[in-house]
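Residue numbers (the numbering used here): 4 to 253. We treat Cβ as the ideally placed atom computed from N, Cα and C, and that holds for glycine. Treat the numbers as computed from the prediction; the structure is a model and nothing was measured. One structure is given below, encoded as structure tokens.
Written out as structure tokens, the structure is:
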């Protein structure tokens, strides 16, 4: 259960183990700070699973965002759209074991700022949509702190988040609007171009994410074709690489 992630993460780090933790690693930001400080104290890797960062299309966009700004002008608008469909792409990926958990430490018991009425919504949002929040910070780490934050709970599955960041309008649209399909898109509107990045379902290993650029100068669409990749595999390789580097330094 995700409510126990903090408890077990703390235990594993105290055993001096490097840790790749499923998101959300915690439900409370103070516990995240605790785990980061603990991993630094133990000189161990503490990494959270955000596999979307490893899509070739995301890596390409991150490497070329400054070049796109120089070519097409400043960014005016950034939209993230995630309309959950079949994230497992028809595959059964659940693994269940039969051990009995004796501990009673569940992190949600310490969430003082979340009412019982909103607890299930908080857990759904943290588990389902936190990927897009992380992806935003990965792609745009150079932006300032947000202003004019607006957060709307439409239903327990549907949310809207917007804010102003470095004079850029940023919006997140989350929901179950297209349940049988997968829709995971980033739209970046420059002064003279529009970039759309479409990501595939996490367990869809046959297809590949794509980038489309509408060039407002040349008045035409440009397709960026990239190799497909297994983001879970690449994420794990990155974790192993980081642990090897950490071990060499110790």
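- Going by DSSP, residue 156 is part of no alpha helix (DSSP H) but of the beta strand (DSSP E) stretching over 150-156.
- Counting other Cβ atoms within 10 Å of its Cβ, residue 32 stays below 16 and is therefore classed as exposed.
- Sequence-distant partners of residue 180 (beyond 5 residues in either direction) whose C-beta falls short of 7 Å from its own C-beta, in its chain, are 86.
- By the C-beta criterion, the region 37-57 is judged to be in contact with the region 132-141, since at least 3 inter-stretch pairs fall below 8 Å.
- Taking the Cα positions, residue 148 is about 13 Å away from residue 165.
- With contacts defined by Cβ atoms closer than 9 Å, residue 174 and residue 72 do not form a contacting pair.
- With respect to residue 8, residue 200 sits apart: the two C-beta atoms are not nearer than 9 Å.
- Residue 187 is bridged by DSSP to 85, 202.
- Under the three-state reduction of DSSP output, residue 161 falls in the coil class, being neither helix nor strand.
- For residue 47, the closest of 19, 167, 24, 184 by C-alpha to C-alpha distance is 19.
- Checking the DSSP bridge columns, you'll see residue 171 partnered with 168.
- Spanning the alpha carbons of residue 145 and residue 74 requires a straight line of approximately 18 Å.
- Exclusion of the five residues before and after residue 203 leaves 210, 212 as the residues of its chain whose Cβ lies within less than 6 Å of its Cβ.
- Annotation for residue 61: the continuous alpha helix (DSSP H) segment containing it runs 59-75.
- In this structure, DSSP gives residue 224 an extended state, which the three-state scheme calls strand.
- Annotation: residue 125 is outside any beta strand (DSSP E); the continuous alpha helix (DSSP H) that includes it extends over 119-131.
- Taking C-beta atoms under 8 Å as the contact rule, residue 133 and residue 27 qualify, at a distance of about 6 Å.
- Annotated as proximal: residue 238 and residue 23, with beta-carbon spacing under 9 Å.
- Between the alpha carbons of residue 154 and residue 192 lies a gap of roughly 22 Å.
- For the pair residue 242 and residue 251, the Cα-to-Cα distance works out to about 14 Å.
- For residue 231, the closest of 247, 207, 244, 68 by C-alpha to C-alpha distance is 207.
- Looking only at 216, 150, 15, 67, the smallest Cα-Cα distance to residue 190 is reached by 216.
- Residue 17 is not a Cβ neighbour of residue 36, given a cutoff of 9 Å.
- Following the DSSP letters along the chain, one finds residue 216 inside the beta strand (DSSP E) bounded by residues 213-218.
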